[in-house]
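J.: Structure in structure tokens, see below.
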Ligand code: FES
């Protein structure tokens, strides 16, 4: 059942920093974009890779896995995942065939925008509702 959860490490976040923390059973990402805090589930909208493994620069949250970029304030997609197929002769034949199948599957995965979580900053604490 959704509830409010305090994220103690989020209080000290400086602009451009982010932190992840468990909030109940959910892994939550809190980031500071230009002095404003935002919270999201710590999962990429593409394939759920933890977003804290990526980067936050100039208002853009970039996933470490396939480089999808999200607007740090709204969660909107700024750019879709990037596919980087390897040259056909870079790998043994069997491995190249397996990667081609994976590429075809990945091409079908839809990237979704991130949804900001409700936040509360009263009393000097940072809480998220999830
Ligand atoms: S999992 Fe994040 S871009 Fe693919």
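Residue numbers (the working numbering): 12 to 141.
In this text, a Cβ means the ideal position worked out from N, Cα and C, and glycines have one as well.
(1) Since residue 48 sits in a beta bridge, which residues does DSSP pair it with?
(2) Check whether the Cβ atoms of residue 94 and residue 81 lie closer than 8 Å to each other.
(3) Residues bridged to residue 80 by DSSP?
(4) Which of the three DSSP states is assigned to residue 126 in this structure?
(5) Using a Cβ-Cβ cut-off of 8 Å (strictly less than) and excluding sequence neighbours within five positions of residue 38, which residues of its own chain qualify?
(6) Beta carbon of residue 67, beta carbon of residue 35: below 8 Å?
(7) Kindly indicate the opening and closing residues of the beta strand (DSSP E) around residue 68.
(8) Under 7 Å: does the beta carbon of residue 60 sit that close to some heavy atom of the ligand FES?
(9) For residue 138, which of helix, strand or coil comes out of DSSP?
(10) For residue 63, count the other beta carbons within 10 Å of its own beta carbon; 16 or more makes it buried, fewer makes it exposed. Which is it?
(11) Beta-carbon separation of residue 41 and residue 23 under 8 Å?
(12) Do you know offhand how far residue 119's Cα is from residue 87's?
(13) Can you check whether the CB of residue 56 is closer than 8 Å to the CB of residue 125?
T.: Reading from the atomic positions:
(1) 43
(2) no
(3) 73 and 90
(4) coil
(5) 31, 32, 52, 53, 54 and 61
(6) no
(7) 66-68
(8) yes
(9) strand
(10) buried
(11) no
(12) 20 Å
(13) yes
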